[in-house]
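> Here our numbering runs 429 ahead of the position in the sequence shown, where the first position is 1.
Ideal placement from N, C-alpha and C gives every residue a C-beta, glycine not left out.
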Amino acid sequence: MVAGYGDTGTGRAGAARIDLVELAMPFFIVLDFFYGAFYNALPDGLLTPIAAALFGGQTVLAGVSILARPNWWRWRLFFVITALPFVWLTAHLILRQEIDFPQMLRYLGGFYLGVLVLGHADRFPVRLIAWLACGAIVWVMVWSFTQPLYLHSGETGVAEPVPGWWASVFGNGRLAPYHGGIDNPHSSGYMSLALMLVVHQAWLAGLLRWQVMVAFVGLAMVYIIGCFSTQVLVGAVVYFGAYGMFSTRFSRPMKAIVVAAGIGGMLFIVVENEQRKAEVRVDTNVKIEELGSGRLGTWMERLEIISARPAGEIWLGTGIGSDNMSSIIWRLKETTSHNTYLTMIIENGIIGFFAYWGALVMMMLGLGRTGICLFAPVFVTGMIGNGLSLRPMPFMMFFIAVSIAVWAMMRQAERSRRLAEHRRRLKEQQMAEVLAGRDGW
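(1) Look at residue 805 and residue 671 and say whether their C-beta atoms are less than 7 Å apart.
(2) Which same chain residues, not among the five before or five after residue 819, have their C-beta less than 6 Å away from its C-beta?
(3) At what residues does the alpha helix (DSSP H) containing residue 770 begin and finish?
(4) Is the beta carbon of residue 620 sitting closer than 7 Å to the one on residue 629?
(5) For residue 603, which residues does DSSP report across the bridge?
(6) In the DSSP assignment, find the alpha helix (DSSP H) that holds residue 473 and state where it starts and stops.
(7) Please name the residue, chosen from 658, 657, 660 and 668, that lies closest to residue 646 on a Cα-to-Cα basis.
(8) Please report the Cβ distance between residue 736 and residue 775, rounded to the nearest whole angstrom; I am assuming they are in contact, meaning their Cβ atoms lie under 8 Å.
(9) Does the region 550-559 come within contact of the region 826-839, defined as at least 3 CB pairs closer than 8 Å?
(10) In the DSSP assignment, the alpha helix (DSSP H) including residue 629 goes from what residue to what residue?
(11) Please identify the residue among 801, 817, 634 and 746 whose C-alpha is closest to the C-alpha of residue 783.
(12) Considering just the uninterrupted stretch of the alpha helix (DSSP H) at residue 662, what are its terminal residues?
(13) Under 8 Å by Cβ, that's how I've got residue 488 and residue 538 pegged, so tell me the actual separation to the nearest angstrom.
(14) Look up residue 857 in the DSSP assignment and say whether it is helix, strand or coil.
(15) Would you report the Cα separation of residue 490 and residue 789, rounded to the nearest angstrom?
(16) Does residue 523 pass the burial test, meaning 16 or more other C-beta atoms within 10 Å, or should it be called exposed?
(17) So, for residue 570: in the same chain, excluding its five sequence neighbours on each side, which residues have a beta-carbon less than 8 Å away from its beta-carbon?
(18) Under the rule that 16 or more other beta-carbon atoms within 10 Å means buried, what is residue 657, buried or exposed?
(19) In chain order, what residues of the same chain have a beta carbon less than 7 Å from the beta carbon of residue 454, not counting five sequence neighbours either side?
(20) DSSP has residue 727 in a bridge; who is on the other side?
(21) By Cβ distance below 8 Å, which residues in the same chain neighbour residue 744 in space, the five residues on each side in sequence not counted?
(22) Let me confirm a value: residue 850 is counted as buried when at least 16 other C-beta atoms fall within 10 Å, else exposed. Which label applies?
(23) Counting contacts by CB-CB distance shorter than 7 Å, is residue 498 in contact with chain D?
(24) Label residue 577 either buried or exposed according to how many other C-beta atoms from any shown protein chain fall within 10 Å of its C-beta, with 16 as the threshold for buried.
(25) Using 10 angstroms around the beta-carbon of residue 606, count the other beta-carbons present and answer buried if the total reaches 16, otherwise exposed.
(26) Out of 535, 625 and 679, which has the shortest C-alpha to C-alpha gap to residue 803?
(27) Please work out which residues of its chain come closer than 8 Å, Cβ to Cβ, to residue 812, disregarding the five sequence neighbours upstream and downstream, and give them in chain order.
(28) Are there 16 or more other CB atoms within 10 angstroms of the CB of residue 480, so buried, or fewer, so exposed?
What follows is the structure in structure tokens.
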């Protein structure tokens, strides 16, 4: 159940005043799925207008939502999120950092959608969402298997199959990306993860049969494995692992076995992935700091940069996009930290770091155990890459999955309220009958 049902503003009070949200949400939901699934197939001229409509429109709806159902908890969440633009403005005024307003909107769009979800999930077309997610996954698989296998940056074709079961079945490349650009398999992996979360949450909410859920979750996992994005795979395992740990259907020994198997499976895939990369990349002389596609060495470089910064930049950061620097480990190629926590400190400083993660923690704790399971991939993937929260469209799709979870909690809370009311009336009726019997006696 939502922690403090009334406190998060997810009650039904004032439902008659929010027709705008109810009318607008189906349009934005369809646009979300359309933009997410067909990104690489859309004309370049449509990408920016659609993105502006999504991020701008849903941000405005979040403001309408919080005004229509004012609530102290959501006001605090809104304040914490809005602290980030003030950090950027202060850095601009004091440190002369540039402000990129479109990037600001992309940065915050998912967060404000979260504010909308936590106030008006009962107005989301959840059944439409569930089947759109299934349809998007079908499109993903059709698109990927009808496209040539994809070789990522620094990879080269080899005549012989590389080690591992994937290459022996499908070939040496990755499944073709469909979202985020033709050279961005990680973004496509994160979108598939978010779609998978939507389907799983729809099943938990009773909107899909378990057979349908298993089929489409399985398809999404095939793509996640086939795009060779280890960070996304770790996020998927963490998500289902968290649900397994909270499940009452499994005994403790069984949970221990599942945890061991999950960790073993991830290690197997990570090792196989590193071996595969060593085979398909031109430079196979891999050093320790180049493991994880150079992440370990890049993190060490970024920590040295942060420690050498003046106090103003440490506290306020250097602005959105400033983490894109050349890296010795990446052969002087410009790249980010591939670590969301380091990116937050570099771009937003210590103040922005706590505002950013503080808002996510508030939303997670507001949803109890369900929130821990849902947000676990956000926190974990941020440790090993440009995590889910740094992927604007997958992050918005993630909050669509959250909307189904909140909707289910609201429905359960409403049922509990009605049951309690029924029991109270039944007890009053029984008491009245007893008193009437005494009077008659």
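The short version:
(1) Yes, they are a contact pair.
(2) Residues of the same chain with a CB within less than 6 Å of the CB of residue 819, apart from the 5 flanking positions on each side, are 769 in chain order.
(3) 769-795 is the extent of the alpha helix (DSSP H) around residue 770.
(4) Going by C-beta atoms, residue 620 is not nearer than 7 Å to residue 629.
(5) BP columns for residue 603 point to 579.
(6) 473-497 is the span of the alpha helix (DSSP H), which, as asked, contains residue 473.
(7) In this structure, 668 is the residue among 658, 657, 660 and 668 with its C-alpha nearest to the C-alpha of residue 646.
(8) Not confirmed; about 12 Å, so no contact.
(9) Judged by Cβ distances under 8 Å, the region 550-559 makes contact with the region 826-839, as three or more pairs qualify.
(10) Taken as a continuous stretch (DSSP letters only), the alpha helix (DSSP H) holding residue 629 covers 614-633.
(11) Residue 783 has its Cα closest to that of 746, out of 801, 817, 634 and 746.
(12) Counting along the chain, residue 662 sits inside the alpha helix (DSSP H) bounded by residues 659-675.
(13) Correct: roughly 6 Å between the Cβ atoms.
(14) It is helical.
(15) Cα-Cα distance, rounded: 19 Å.
(16) Around the beta carbon of residue 523, fewer than 16 other beta carbons sit within 10 angstroms, so the residue counts as exposed.
(17) Result list for residue 570: 648, 651 and 652, in chain order.
(18) Residue environment for residue 657: buried (at least 16 other C-beta atoms within 10 angstroms of its C-beta).
(19) Closer than 7 Å at the Cβ level, and outside the excluded window around residue 454, lie 552, 553 and 554.
(20) Answer is none; residue 727 lacks a bridge partner.
(21) For residue 744, the CB contacts under 8 Å within the same chain, skipping 5 residues up- and downstream, are 778, 779 and 780 in chain order.
(22) Of the other Cβ atoms in all chains shown, fewer than 16 fall within 10 Å of the Cβ of residue 850; this residue is therefore exposed.
(23) Of the protein chains in this structure there is only one, and it is not chain D.
(24) Classification of residue 577: exposed, given that the 10 Å Cβ count is below 16.
(25) Looking at its Cβ environment, which holds 16 or more other Cβ atoms inside 10 Å, residue 606 is buried.
(26) The candidate whose alpha carbon is nearest that of residue 803 is 625.
(27) Only 768, 769 and 770 meet the Cβ criterion.
(28) Buried, since its Cβ has 16 or more Cβ neighbours within 10 Å.
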